[in-house]
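Worksheet: the structure to be examined is printed underneath.
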Amino acid sequence: MAVYKTAQREALLGFLRCNSDKSFTVREIEQGMKNSGSGVTVPGESTLYRLIKELVESGEVRRTVMGNSRTFVYQIVNGSDCGHHLHMKCKVCGKLCHMDEQESREIMEKIRSNDLFEVDSSTILIGKCSVCKD
Ligand SMILES: [Zn+2]
Ligand SMILES: [Zn+2]
0 MAVYKTAQRE
10 ALLGFLRCNS
20 DKSFTVREIE
30 QGMKNSGSGV
40 TVPGESTLYR
50 LIKELVESGE
60 VRRTVMGNSR
70 TFVYQIVNGS
80 DCGHHLHMKC
90 KVCGKLCHMD
100 EQESREIMEK
110 IRSNDLFEVD
120 SSTILIGKCS
130 VCKD
């Protein structure tokens with residue numbers, strides 16, 4: 000149960016990290032996650048609201064009001080600390096994703112542990128995003 004919830008939270012964060020230049024309504028996030036086909040069950044709207052609320056409270060996501068409407072839009076908070084995590088770039092659509100810091104650290108540690116190579120944290124992994132991979 001808890002693991003399931005964490006997976007949804009990670010999927011949500013992953014989606015926002017790959018679209019860090021845009022802000023979305025909850026409905027747009029739901030649609031976007033469905034279209035990205037990441038394989039994780041997309042949380043329903045009420046779950047999404049709850050997850051988003053937690054992320055806003057923890058400071059990972061910023062909430063703003065769209066124009067002069069009463070609709071809230073959400074965007075991942077991009078610290079100036081892009082030097083602390085790896086990035087992934089899709090060679091098909093050019094999308095740049097910010098990798099989770101802990102995940103980046105684990106990958107870099109793993110490579111460093113063989114004593115042959117040290118990966119620079121500005122490394123960009125090239126590949127295909129979840130939309131383009133098929
Ligand atoms: Zn970054
Ligand atoms: Zn792509």
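Counting in numbering that gives the first Met the number 0, the sequence shown runs from 0 upward without gaps.
Here a beta-carbon is modelled for each residue, glycine too, at the ideal position from N, C-alpha and C.
Model, not experiment: these values are computed from the prediction.
Buried versus exposed, by CB contacts within 10 Å (16 or more), residue i
i	result
Ile123	exposed
Thr17	The sequence given here places Cys at residue 17; Thr does not occur at that position. So Cys17 ends up on the buried side.
Leu115	exposed
Gln101	exposed
Val41	buried
Met65	exposed
His83	exposed
Ile125	exposed
Ser112	exposed
Cys96	buried
Gly13	buried
Asp119	exposed
Glu56	exposed
Ser103	buried
Neighbourhood of residue i by C-beta distance below 7 Å, restricted to the same chain and skipping five residues each side
i	result
Tyr48	Val25
Ser22	Thr63, Val72, Tyr73, Gln74
Val98	In the sequence under discussion, the amino acid at residue 98 is Met, which differs from the Val named in the question. Cβ neighbours of Met98 beyond the five flanking positions: His84, Leu85, His86, Met87.
Lys33	Val41
Residues near residue i in its chain [Cβ-Cβ closer than 6 Å; skip 5 each side]
i	result
Val39	Ala6, Ala10
Met0	Any reading at Met0 needs caution, since the residue's pLDDT is 45, under 50, leaving its predicted position unreliable; the model's value is listed next. Same-chain partners within the cutoff: there are none.
Thr46	none
Leu15	Ile75
Leu54	Val60
Cys131	Cys89, Val91, Cys92
Cys81	none
Please list the segments of the alpha helix (DSSP H) lying wholly inside the segment 39-122, counting only runs of 4 or more residues, in order along the chain. The segment 39-122 contains these whole alpha helix (DSSP H) runs: 44-56, 100-111.
Do the segment 18-27 and the segment 67-84 meet, that is, are 3 or more Cβ pairs less than 8 Å apart? Segment contact: the segment 18-27 against the segment 67-84, three or more CB-CB distances shorter than 8 Å; contact assigned.
Ligand 1 site residues, beta-carbon cut 5 Å against heavy atoms: Having a Cβ closer than 5 Å to some heavy atom of ligand 1 are Cys81, His97.
Residues passing the C-beta test against ligand 2 heavy atoms, cut-off 7 Å: Cys89, Val91, Cys92, Lys94, Lys127, Cys128, Val130, Cys131
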